[in-house]
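In what follows, a structure is listed as structure tokens, so that the remarks can point back to it.
Protein chains: 2
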Amino acid sequence: MVRINKDLLAFVSRLYETESFNHFFLENYSPKQSLIKQGKKVFSVFIIKSGIAKCYLSEDNGKDFIQEFFSDGEIFGEIETINEHLSFCSIEAITDLQVFEIKGDKFHKLLRSNSKFNELILKAFANKVKYKAIRHGYNQSHTIEDKLLRLMNEFPELLQHISKQDIANYLGVTARSLNRTLSDMGKKFDLM
Amino acid sequence: MVRINKDLLAFVSRLYETESFNHFFLENYSPKQSLIKQGKKVFSVFIIKSGIAKCYLSEDNGKDFIQEFFSDGEIFGEIETINEHLSFCSIEAITDLQVFEIKGDKFHKLLRSNSKFNELILKAFANKVKYKAIRHGYNQSHTIEDKLLRLMNEFPELLQHISKQDIANYLGVTARSLNRTLSDMGKKFDLM
DNA sequence: TTACCGGAGGGACAAATGTCCTTTGTTATG
DNA sequence: CATAACAAAGGACATTTGTCCCTCCGGTAA
Numbered sequence: 001m002v003r004i005n006k007d008l009l010a011f012v013s014r015l016y017e018t019e020s021f022n023h024f025f026l027e028n029y030s031p032k033q034s035l036i037k038q039g040k041k042v043f044s045v046f047i048i049k050s051g052i053a054k055c056y057l058s059e060d061n062g063k064d065f066i067q068e069f070f071s072d073g074e075i076f077g078e079i080e081t082i083n084e085h086l087s088f089c090s091i092e093a094i095t096d097l098q099v100f101e102i103k104g105d106k107f108h109k110l111l112r113s114n115s116k117f118n119e120l121i122l123k124a125f126a127n128k129v130k131y132k133a134i135r136h137g138y139n140q141s142h143t144i145e146d147k148l149l150r151l152m153n154e155f156p157e158l159l160q161h162i163s164k165q166d167i168a169n170y171l172g173v174t175a176r177s178l179n180r181t182l183s184d185m186g187k188k189f190d191l192m
Numbered sequence: 001m002v003r004i005n006k007d008l009l010a011f012v013s014r015l016y017e018t019e020s021f022n023h024f025f026l027e028n029y030s031p032k033q034s035l036i037k038q039g040k041k042v043f044s045v046f047i048i049k050s051g052i053a054k055c056y057l058s059e060d061n062g063k064d065f066i067q068e069f070f071s072d073g074e075i076f077g078e079i080e081t082i083n084e085h086l087s088f089c090s091i092e093a094i095t096d097l098q099v100f101e102i103k104g105d106k107f108h109k110l111l112r113s114n115s116k117f118n119e120l121i122l123k124a125f126a127n128k129v130k131y132k133a134i135r136h137g138y139n140q141s142h143t144i145e146d147k148l149l150r151l152m153n154e155f156p157e158l159l160q161h162i163s164k165q166d167i168a169n170y171l172g173v174t175a176r177s178l179n180r181t182l183s184d185m186g187k188k189f190d191l192m
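Chains as they are written, first to last, in the UniProt record's numbering: chain A, 1 to 192; chain B, 1 to 192.
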């Protein structure tokens, strides 16, 4: 699925326009550029202004698993900043990307001093936990076809932007299996 | 895995002892009792004082998927309270359970008025997102045997407390597959 | 005691998915 | 232009996992 967070984006955009608060920087990234690397320190918190990025985890056996696709308003780097750990995943631009960035210490200050921001972050976290729970449950107990139908239903234009391999990595299957399922589904539709 | 949160438990225990703050209640539950039901309203936030509970999600196809086992200091009901949604999972006692409970509105107040508590909740969230991400990635890209070895490694006494079916539901496989893997592993060890 | 139930274990087969490898078409680059 | 690099597609086969059963056992209610 492609995660967004309109409330947070609106809030951060407003803050970015505010003369007196100048800790957000607007940066640009090109496709395939890396914003956060798994196992490395994280120095900033990021909020997407526009574009699509992938959030993925590289396993010890060499496979990549895509946690989510991120788009407008989605925040990342906040987890590592809050619990002061190294990054547990990688973030990479898929399309051209505009991103608001704020340094870790400024993020902490904002979190403590601005109750509206604090609330937005709490809600963002609550949503992250919830959708991760639902997605994991769904993934474990449904076939590739079910997962694919759901994905195409919720985000029909996905295949335009994203490679087959990324879709496979998002579903947690091989590209071969994804292809097989797609062609089986094609046959089904031909019969209708 | 069995999730715990010592810092949060220490904080809540101290607050519970405090005369001037009397919004935490200590409740007891017996095995198989339900604390939160999927799809229902959530009125309180819960923090475990002792015992083990399971957090699971019932899928549309009748299968249950266990998100986590919860123990000392783990919090739940906070997500639904913060984003004011119905519960997306169920919580059920496995062993005898002692639980601190606080009503939703009091939880909100505490979150706004007590910065230490606010920070503990933020960290709890950060950890939840992180371990969910890692677990989902691991689950998708490893065999049953790998998952089982990891589980027995991190929590060897688990099989004493928890039924085979629950283990299978936690790993996202059928009881039959779990059994097969267990007996295959037994054969392996016999050769060594 | 007897009958019954639910959990654990596992046989036989079916279905889903992965692995390995080949082909084709497109792009990009010297 | 030639050729390398790469994504997409799929054939053939192996492995993993699920489905559908049946049996065995220990508790327990009548």
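Glycine included, every Cβ here is placed at the ideal spot set by N, Cα and C.
What residue from B:D60, B:I66, B:Q67 and B:I75 has the CA that sits closest to G51 of chain B's CA?
The sequence position of residue 51 of chain B within the second sequence is 51, counting from 1. Comparing Cα-Cα distances from G51 of chain B to each of B:D60, B:I66, B:Q67 and B:I75, the minimum goes to B:I75.
I'd like to know whether the C-beta of G73 of chain A is nearer than 9 Å to at least one C-beta of chain B.
The residue you call residue 73 of chain A lines up with position 73 of the first sequence. Cβ-Cβ to chain B under 9 Å: no for G73 of chain A.
Return no unless some Cβ of chain B is closer than 9 Å to the Cβ of S115 of chain A.
Along the first sequence, read from residue 1 onward, the residue named residue 115 of chain A stands at position 115. Judged by the 9 Å Cβ criterion, S115 of chain A is in contact with chain B.
Reduced DSSP category for K49 of chain B - H, G, I as helix; E, B as strand; rest coil
Counting from 1 along the second sequence, the entry for residue 49 of chain B is found at position 49. Reduced to three states, the DSSP call for K49 of chain B is strand.
Contact set for N28 of chain B: own chain, Cβ-Cβ below 8 Å, skip 5 residues either direction
Taking the first residue of the second sequence as 1, we reach residue 28 of chain B at position 28. Excluding residues within five positions, the ones whose Cβ falls inside 8 Å are D96, L97, Q98 and V99.
Where do the N-terminal and C-terminal ends of the beta strand (DSSP E) with I91 of chain B fall, by residue?
Along the second sequence, read from residue 1 onward, the residue named residue 91 of chain B stands at position 91. S90 to A93 is the span of the beta strand (DSSP E), which, as asked, contains I91 of chain B.
Look up V12 of chain A in the DSSP assignment and say whether it is helix, strand or coil.
Position 12 of the first sequence, counted from the start, is the residue given in the question as residue 12 of chain A. Residue state, collapsed to three classes: helix.
Can you name, in chain order, every residue of its own chain whose Cβ lies under 8 Å from the Cβ of E145 of chain A, other than the five neighbours on each side?
As a first step, residue 145 of chain A must be located in the first sequence, where it is residue number 145. Around E145 of chain A: T181, D184 and M185.
Helix, strand or coil: how does DSSP classify T18 of chain A here?
Working through the first sequence from its first residue, we reach residue 18 of chain A at position 18. Coil, per DSSP.
Looking at S44 of chain A and K103 of chain A, is the spacing between their C-beta atoms short of 9 Å?
In the first sequence, residue 103 of chain A corresponds to position 103, counting from 1. In the first sequence, residue 44 of chain A corresponds to position 44, counting from 1. A contact, by the Cβ cut-off of 9 Å.
Is it true that the CB of N5 of chain B sits closer than 9 Å to the CB of G73 of chain B?
Here residue 73 of chain B refers to the residue found at position 73 when the second sequence is read from its first residue. Here residue 5 of chain B refers to the residue found at position 5 when the second sequence is read from its first residue. A contact, by the Cβ cut-off of 9 Å.
Does the beta carbon of K41 of chain B come closer than 9 Å to any beta carbon on chain A?
Counting from 1 along the second sequence, the entry for residue 41 of chain B is found at position 41. Not one chain A Cβ lies under 9 Å of K41 of chain B.
For the putative contact between F65 of chain A and Y56 of chain A, defined by C-beta atoms under 8 Å, what is the C-beta separation to the nearest angstrom?
Residue 65 of chain A sits at position 65 when you count from the first residue of the first sequence. Residue 56 of chain A sits at position 56 when you count from the first residue of the first sequence. With 8 Å as the limit, F65 of chain A and Y56 of chain A qualify as a contact, their Cβ atoms being about 6 Å apart.
Could you check how far apart the C-beta atoms of V12 of chain A and I36 of chain A are, in whole angstroms? I think they sit under 8 Å.
Along the first sequence, read from residue 1 onward, the residue named residue 12 of chain A stands at position 12. Along the first sequence, read from residue 1 onward, the residue named residue 36 of chain A stands at position 36. Rounded, the Cβ-Cβ distance is 18 Å, inconsistent with contact.
Chain B contact for I48 of chain A (CB, 9 Å cutoff):
Translated into positions along the first sequence, residue 48 of chain A becomes position 48. No, because no Cβ of chain B sits closer than 9 Å to the Cβ of I48 of chain A.
Helix, strand or coil at S163 of chain B [DSSP, three-state]
Indexing the second sequence from 1 puts residue 163 of chain B at position 163. Reduced to three states, the DSSP call for S163 of chain B is coil.
Kindly list the residues whose CB is nearer than 8 Å to the CB of S90 of chain B, restricted to its own chain and excluding five residues on each side of it in sequence; keep chain order.
The residue you call residue 90 of chain B lines up with position 90 of the second sequence. Around S90 of chain B: S34, I36, K37, Q38, C55, Y56, L57 and S58.
Using only alpha-carbon positions, find the residue among B:E68, B:K128 and B:T18 that is nearest to I79 of chain B.
Looking up residue 79 of chain B in the second sequence gives position 79. Residue B:K128 is the option with its Cα nearest to I79 of chain B.
Can you list, in chain order, the residues of the region 132-150 of chain B whose Cβ is nearer than 8 Å to any Cβ on chain A?
K132, A133, I134, R135, H136, G137, Y138, N139, Q140, S141 and H142
On the DSSP bridge list, what partners appear for Q98 of chain B?
Residue mapping note: residue 98 of chain B aligns to position 98 of the second sequence, counting from 1. Paired residue(s): B:N28 and B:S50.
Minimum length 3: unbroken beta strand (DSSP E) runs contained in the region 67-153 of chain A
90-93 and 97-103
How many angstroms separate the CA atom of A93 of chain A from the CA atom of T18 of chain A?
As a first step, residue 93 of chain A is located in the first sequence; it is residue number 93 there, counting from the start. As a first step, residue 18 of chain A is located in the first sequence; it is residue number 18 there, counting from the start. Rounded to the nearest angstrom, the two C-alpha atoms are 27 Å apart.
For L191 of chain A, which residues in the same chain have their Cβ closer than 7 Å to its Cβ, ignoring the five residues on either side in sequence?
Here residue 191 of chain A refers to the residue found at position 191 of the first sequence. Note that L191 of chain A scores 42 on pLDDT, short of 50, meaning its location in the model is unreliable; the coordinates nonetheless yield the value given after this. Excluding sequence neighbours, L191 of chain A sits near nothing in its chain.
Comparing the C-beta of V129 of chain A with each C-beta of chain B, is any distance below 9 Å?
By 1-based counting over the first sequence, the position of residue 129 of chain A is 129. With 9 Å as the cut-off, V129 of chain A counts as an interface residue toward chain B.
Report, in whole angstroms, the separation of the C-beta atoms of H136 of chain B and K132 of chain A, which I expect to be a contact under 8 Å.
Here residue 136 of chain B corresponds to residue number 136 of the second sequence, with the count starting at 1. Here residue 132 of chain A corresponds to residue number 132 of the first sequence, with the count starting at 1. Confirmed, Cβ separation roughly 7 Å.
Comparing the C-beta of M192 of chain A with each C-beta of chain B, is any distance below 9 Å?
To locate residue 192 of chain A, count along the first sequence from 1; it is residue 192. In this predicted model, M192 of chain A has a pLDDT of only 39, less than 50, meaning its place in the structure is not dependable enough to derive any value.
Nearest-angstrom Cα distance between A168 of chain A and L171 of chain B?
Taking the first sequence and counting its residues from 1, one reaches residue 168 of chain A at position 168. Taking the second sequence and counting its residues from 1, one reaches residue 171 of chain B at position 171. In a straight line, the C-alpha of A168 of chain A is about 21 Å away from that of L171 of chain B.
Cα separation between R150 of chain A and V2 of chain A?
Working through the first sequence from its first residue, we reach residue 150 of chain A at position 150. Working through the first sequence from its first residue, we reach residue 2 of chain A at position 2. Distance between the alpha carbons of R150 of chain A and V2 of chain A is about 12 Å.
Quick one: is R112 of chain A near chain B, going by C-beta distance under 9 Å?
In the first sequence, counting from the first residue as 1, residue 112 of chain A sits at position 112. It does: the Cβ of R112 of chain A has a partner Cβ on chain B nearer than 9 Å.
Under the assumption that L15 of chain B contacts F24 of chain B (Cβ atoms under 8 Å), give the Cβ distance between them as a whole number of angstroms.
Mapped onto the second sequence, residue 15 of chain B falls at position 15. Mapped onto the second sequence, residue 24 of chain B falls at position 24. Indeed, because the Cβ distance is near 6 Å, the residues count as touching under 8 Å.
When DSSP builds the beta bridges, which residues end up paired with I36 of chain B?
For the purposes of this step, residue 36 of chain B is taken as residue 36 along the second sequence, with counting starting at 1. Paired residue(s): B:I91.
Just to confirm, are L8 of chain A and L110 of chain A a CB contact at a threshold of 9 Å?
Locating residue 8 of chain A in the first sequence gives position 8, counting from the first residue. Locating residue 110 of chain A in the first sequence gives position 110, counting from the first residue. Cβ distance not < 9 Å, so L8 of chain A and L110 of chain A don't count as in contact.
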